[in-house]
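Protein chains in written order, with our numbering: chain A, 69 to 410; chain B, 509 to 949. Idealized CB from N, CA, C, for every residue including glycine.
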């Protein structure tokens, strides 16, 4: 089931597109195909979103389909719940990670539970787009990695793309899903480019499948979202030291693809989990536990974590010290020489 | 020198549409709650409506006393009574057309019953065997909402969606006085107004949010006044006068249906019982206050009006009470039946498709349930019971690992061994708190 994708160059002949463009295109195509799809949020209409991800949607589909809402995240998400109850497929934008917090009661008490509470009578097919993570020089409240809150809430799918084709494919899948999907968009990859053709978008594996971005034999880097390019770069750099690193892009945090992750770790016997989010009670803790429970006899070393520090997100001039970069990943890889060190 | 020092230097032109042109005058509620019963207008009220409201009020009062009694028998985990507020509940249900939606709070089971939801299904949440006992979509009744005011934006969104689709559907959302302090109340009213959504908010101001009186909840002249700040008309109505509440809500529903936008209705009423059966209301209010409100009882008000118009005599009162009594007896009997519990349903409807992780956990519970039914399997748990963490557990286990199948043999009421070969795939329970239920066993 493991899918090894070729590099971005696979879309031969296609022009470079940014992740932001691919996301916008995904919404555009979903809206064109299904009149039930509605995009809503603050500034998504006339302005096209503060990141221009929804650019052109209001012009093409009108204010009723791409709606500038009042500035109120609980209201936006709460209204989207009612719209989904009536058969629409709202795609909600939360503008910035930390702006979503006022909507958490709606998210946790209603969005995540409505299908379960009503015995399946009222499923909520809604997508919640949350631009997340740092690295864009944003001031406080603009760079949180809030994925663990979503992951800890049963009833939500949690998805995050790292490539341009995935941005399109996963968002289309999220909008088509009959369950609520928290769609985490790595802000600092918005302007990352890859050859990609909107007329002939590359098929991607479905939600719930991880992907081996780079095959390797000596250790696995388990990562997602903004840390995927970091890990790919680290894997290239590690070749000089004799390490052949495999990079697994999770793509979907919930559901979690134990199969792909564990198959990789069993092959390599060593693993490092890499993410921007804090380490204490962070996503890595869950991932390490799952890998250890399932692959203990295959492991040559403890599964390590490289994460952001356990601090409130730092001011922009210091974020480089906080974000796990290539060097920190390579340091962890070096520590995987467990038997030699002991 | 700053611009502030030079007179006239700083003259910003307002943006062209800097505020909506809304005249606050027509939005303001009346000084006194609107009344029909006990006023000359009572003579003009439609006879059929009066009799219908009366029947529902009598039945509703009996429903409240019966449900409260069921908590004492351990048949309900909890019951938040709406005794004293029946007029609001009944009117809310009766003004809605079939296609309209009702968004109730946990105190509004009576509104559900008046709308035609099976009373046992309406009480399922409070019994504790399922979250929502009725089919929300079929009845167009949202699940009873326990968090305060969080269902109000849902009502707005649903009404908005219906209008976008071109359907004539109105959403009526119920909320208490305490709920008006919540942020979601504010956001819902604001969205409804901006979107001109066909939604009606009925605030049942029953005087207390558990123990906190209205004076400590708000400094507004009335809760209906809160509407004005959003550009919504506020209406104030006597919440114990079923005819008045029905009339005001009917106007609001019609206005919404005709594209006039939302209305906020504050119904001034009183909760005669405690917050729930678990609450001690003597700690925060005096008997004299309750007695004063008993003099303004919604059932008695209606009885007086009907009698004055010659539409009701003692025999009529008796007949209505008998009908309510039969309704209560039927409810009591059905509630005294142990509900069927299906533990594997825990994993149902979490997602459209179960994740691998949920399939593994369902398989574990299925194995536990099966083990419980085997006579000697009671206490010891061998290595296989912990297979979740066993060396081969995890991803190898396919979706078919006994997950979709019902447990072959269910346990008896006590859960473990010895219910005597009862061949059932479900468990039953005696009362949500495990007490009572003597009648059936």
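Check, Outcome
"Cross-strand partners of residue 108 of chain A (DSSP beta bridge)", "A/135, A/160"
"Residue-chain proximity (residue 150 of chain A, chain B), Cβ-Cβ < 7 Å", "yes"
"DSSP three-state assignment for residue 290 of chain A, whether helix, strand or coil", "strand"
"Sufficient close CB pairs (3 or more, under 8 Å) joining the stretch 654-667 of chain B to the stretch 705-719 of chain B", "yes"
"Residue 343 of chain A, DSSP secondary structure in three states", "strand"
"Own chain, CB closer than 7 Å to residue 156 of chain A, minus 5 neighbours either side, in chain order", "104, 106"
"Within chain B, partners of residue 138 of chain A - CB distance below 8 Å", "695, 698, 699, 702"
"Cutoff 7 Å: residue 666 of chain B Cβ touching any chain A Cβ", "yes"
"Contacting residues, own chain, Cβ-Cβ under 6 Å from residue 885 of chain B (five flanking each side not counted)", "In this prediction, residue 885 of chain B has a pLDDT of 46, which is less than 50 and means its spatial position is unreliable; nothing more can be read from the coordinates."
"Distance, residue 264 of chain A Cα to residue 536 of chain B Cα", "57 Å"
"Distance between residue 355 of chain A and residue 253 of chain A (C-alpha atoms, nearest Å)", "20 Å"
"Cβ of residue 647 of chain B within 7 Å of any chain A Cβ", "no"
"Cβ of residue 858 of chain B within 7 Å of any chain A Cβ", "yes"
"Residue 297 of chain A - DSSP class collapsed to helix/strand/coil", "helix"
"Selection from B/721, B/818, B/615, B/606 that minimises the alpha carbon distance to residue 634 of chain B", "B/615"
"Cβ shell of residue 126 of chain A (< 7 Å), same chain only, five flanking positions each side left out", "113, 114, 134"
"Residue 819 of chain B classed as buried or exposed, judged by whether at least 16 other C-beta atoms fall within 10 angstroms", "exposed"
"Cutoff 7 Å: residue 297 of chain A Cβ touching any chain B Cβ", "no"
"C-beta neighbour in chain B for residue 177 of chain A, strict 7 Å", "yes"
"Beta carbon of residue 623 of chain B nearer than 7 Å to that of residue 646 of chain B", "no"
"Residue 716 of chain B in three-state terms, based on DSSP", "strand"
"Bridge partners - residue 653 of chain B, DSSP secondary structure assignment", "B/613"
"Residue 270 of chain A in three-state terms, based on DSSP", "coil"
"Alpha-carbon to alpha-carbon, residue 291 of chain A and residue 343 of chain A", "6 Å"
"Candidates A/325, A/199, A/149, of which the one nearest residue 177 of chain A by Cα", "A/149"
"CB contact flag (residue 610 of chain B, residue 807 of chain B, <7 Å)", "no"
"Opening and closing residue of the alpha helix (DSSP H) in which residue 758 of chain B lies", "750-765"
"Closest Cα partner of residue 686 of chain B within the set B/533, B/841, B/730", "B/730"
"Counterpart residues of residue 771 of chain B in DSSP-defined beta bridges", "B/708"
"Within-7 Å CB hit, residue 162 of chain A to chain B", "no"
"Paired residues, beta bridge with residue 225 of chain A - DSSP", "A/249"
"Test: residue 132 of chain A CB closer than 7 Å to a CB of chain B", "yes"
"Alpha carbon of residue 206 of chain A to alpha carbon of residue 585 of chain B, nearest angstrom", "49 Å"
"Buried versus exposed call for residue 931 of chain B [16 or more other C-beta atoms within 10 Å across all chains shown]", "Interpretation of residue 931 of chain B is limited by its pLDDT of 37, a score under 50 that renders its predicted location unreliable; the figure taken from the coordinates is listed afterwards. Burial call: exposed."
"Alpha helix (DSSP H) segment containing residue 332 of chain A, residue limits", "326-336"
"Coil, strand or helix - residue 795 of chain B by DSSP", "helix"
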